[in-house]
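Under the working numbering, the first residue of the sequence shown carries the number 41, and numbering increases by one thereafter. Where is the CB? At the ideal position from N, CA and C, for every residue including glycine.
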Amino acid sequence: FSTLPTHLDLGDIWLVHAGVDPSIPLAEQTAEQMCWVRDDFHSIPKPYFPDKLIIIGHTITFTLPGVVPGKLAQGQGWIDIDTGAYHPRSGWLTALDVTNCLVYQVNVFKNCVRTLPLKEVV
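Quick look at the structure:
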(Lines of atoms letter the chains of each structure in order from A and count residues from 1; the text may use other names and numbers.)
(Lines give C-alpha, C1' and ligand atoms only; values in the text may rest on other atoms or scores of the structure.)
Protein backbone atom coordinates (compact mmCIF):
# COMPACT_ATOMS: atom_id res chain seq x y z
CA PHE A 1 0.00 0.00 0.00
CA SER A 2 2.84 2.39 0.67
CA THR A 3 3.65 2.46 -3.05
CA LEU A 4 0.13 3.41 -4.12
CA PRO A 5 -0.71 7.02 -4.99
CA THR A 6 -2.64 9.18 -2.53
CA HIS A 7 -5.00 10.35 -5.25
CA LEU A 8 -5.85 9.81 -8.91
CA ASP A 9 -6.36 12.71 -11.30
CA LEU A 10 -8.64 11.74 -14.20
CA GLY A 11 -8.94 15.20 -15.73
CA ASP A 12 -12.30 16.51 -14.58
CA ILE A 13 -12.57 13.86 -11.83
CA TRP A 14 -10.18 13.65 -8.88
CA LEU A 15 -10.29 10.53 -6.67
CA VAL A 16 -8.99 10.59 -3.10
CA HIS A 17 -9.78 8.62 0.04
CA ALA A 18 -11.04 11.37 2.39
CA GLY A 19 -10.55 14.74 0.68
CA VAL A 20 -8.09 17.59 0.86
CA ASP A 21 -7.34 20.23 3.43
CA PRO A 22 -8.88 23.35 1.84
CA SER A 23 -6.41 25.66 3.59
CA ILE A 24 -3.30 24.06 2.08
CA PRO A 25 -2.05 24.12 -1.54
CA LEU A 26 -2.23 20.71 -3.22
CA ALA A 27 1.57 20.38 -3.49
CA GLU A 28 1.81 20.65 0.31
CA GLN A 29 -0.90 18.09 1.16
CA THR A 30 0.29 15.00 3.00
CA ALA A 31 -0.96 11.44 2.64
CA GLU A 32 -2.31 11.67 6.18
CA GLN A 33 -4.40 14.74 5.30
CA MET A 34 -5.81 13.08 2.18
CA CYS A 35 -6.71 9.97 4.19
CA TRP A 36 -8.12 11.56 7.35
CA VAL A 37 -9.49 15.06 6.66
CA ARG A 38 -13.19 15.42 7.44
CA ASP A 39 -14.94 18.54 8.74
CA ASP A 40 -12.65 21.11 7.10
CA PHE A 41 -13.16 19.44 3.73
CA HIS A 42 -16.89 18.72 4.05
CA SER A 43 -17.61 22.34 4.93
CA ILE A 44 -15.63 24.09 2.20
CA PRO A 45 -17.60 27.10 0.93
CA LYS A 46 -16.42 26.71 -2.69
CA PRO A 47 -14.92 23.87 -4.72
CA TYR A 48 -11.23 23.18 -4.08
CA PHE A 49 -10.71 22.72 -7.83
CA PRO A 50 -12.61 25.03 -10.18
CA ASP A 51 -12.66 22.38 -12.93
CA LYS A 52 -12.69 19.00 -11.16
CA LEU A 53 -15.18 16.98 -9.14
CA ILE A 54 -13.58 15.31 -6.11
CA ILE A 55 -14.93 11.83 -5.36
CA ILE A 56 -14.27 10.56 -1.86
CA GLY A 57 -15.13 7.81 0.59
CA HIS A 58 -13.86 7.53 4.18
CA THR A 59 -16.85 9.18 5.88
CA ILE A 60 -20.08 7.20 5.83
CA THR A 61 -22.55 9.47 4.09
CA PHE A 62 -25.41 9.12 6.59
CA THR A 63 -23.16 10.53 9.33
CA LEU A 64 -23.32 13.88 7.52
CA PRO A 65 -26.24 16.25 8.22
CA GLY A 66 -29.44 15.48 6.32
CA VAL A 67 -28.20 12.33 4.56
CA VAL A 68 -30.14 9.09 4.94
CA PRO A 69 -28.62 5.60 4.63
CA GLY A 70 -28.03 4.61 1.00
CA LYS A 71 -27.80 8.17 -0.28
CA LEU A 72 -24.60 9.86 -1.43
CA ALA A 73 -23.42 13.09 0.15
CA GLN A 74 -22.54 16.13 -1.93
CA GLY A 75 -20.86 19.40 -1.13
CA GLN A 76 -19.06 22.20 -2.93
CA GLY A 77 -17.12 20.35 -5.65
CA TRP A 78 -17.26 16.89 -4.05
CA ILE A 79 -19.33 13.72 -3.80
CA ASP A 80 -18.94 11.10 -1.06
CA ILE A 81 -19.85 7.54 -2.12
CA ASP A 82 -19.13 5.71 1.16
CA THR A 83 -22.65 4.54 1.99
CA GLY A 84 -21.59 2.21 4.81
CA ALA A 85 -21.72 -1.33 3.42
CA TYR A 86 -20.64 -2.84 6.74
CA HIS A 87 -22.86 -0.66 8.94
CA PRO A 88 -26.16 -2.15 10.17
CA ARG A 89 -27.98 1.17 9.57
CA SER A 90 -27.16 0.97 5.86
CA GLY A 91 -25.63 -2.09 4.22
CA TRP A 92 -25.29 -0.27 0.89
CA LEU A 93 -22.10 -0.77 -1.12
CA THR A 94 -21.94 1.91 -3.81
CA ALA A 95 -20.17 2.37 -7.13
CA LEU A 96 -20.42 5.51 -9.25
CA ASP A 97 -20.35 5.56 -13.05
CA VAL A 98 -19.45 9.20 -13.68
CA THR A 99 -19.57 8.84 -17.48
CA ASN A 100 -23.24 7.85 -17.47
CA CYS A 101 -24.23 9.50 -14.15
CA LEU A 102 -25.38 6.19 -12.72
CA VAL A 103 -25.07 4.77 -9.23
CA TYR A 104 -24.86 1.02 -8.70
CA GLN A 105 -25.67 -0.29 -5.25
CA VAL A 106 -25.82 -3.66 -3.53
CA ASN A 107 -27.28 -4.05 -0.06
CA VAL A 108 -25.32 -6.68 1.81
CA PHE A 109 -28.04 -7.22 4.46
CA LYS A 110 -31.16 -7.15 2.28
CA ASN A 111 -29.58 -9.04 -0.64
CA CYS A 112 -30.83 -6.56 -3.23
CA VAL A 113 -29.30 -4.61 -6.11
CA ARG A 114 -30.30 -1.29 -7.61
CA THR A 115 -29.15 1.06 -10.35
CA LEU A 116 -30.22 4.67 -10.07
CA PRO A 117 -29.53 7.96 -11.83
CA LEU A 118 -27.01 9.98 -9.82
CA LYS A 119 -29.52 12.79 -9.27
CA GLU A 120 -31.77 10.38 -7.31
CA VAL A 121 -29.19 9.49 -4.67
CA VAL A 122 -27.54 12.84 -3.82
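Item, Value
"Give the DSSP bridge partners of T134, in chain order.", "Q145"
"So, is G124 buried or exposed, given that buried needs 16 or more other C-beta atoms within 10 angstroms?", "buried"
"D80: beta carbon under 6 angstroms from a heavy atom of the ligand NAP?", "Among the ligands in the structure shown, none appear at all, so the ligand NAP cannot be discussed."
"Would you mind stating whether G117 and Y88 have Cβ atoms separated by less than 7 angstroms?", "yes"
"Count the other CB atoms within 10 Å of the CB of V153; is the residue buried (16 or more) or exposed (fewer)?", "exposed"
"So, at 7 angstroms on beta carbons, what are the nonlocal neighbours of I121 in its own chain, with the 5 sequence-adjacent residues on each side left out?", "I95, G97, L112, T134, L136"
"Take G115 as the anchor and find which of L156, R78, N140 has the nearest alpha-carbon.", "R78"
"Let's see if you can read the secondary structure: which residues bound the alpha helix (DSSP H) around A67?", "No alpha helix (DSSP H) contains A67, which DSSP labels as neither H nor E."
"Kindly provide the ranges of any beta strand (DSSP E) runs that are 3 or more residues long and lie completely inside the region 79-103, ordered along the chain.", "93-96"
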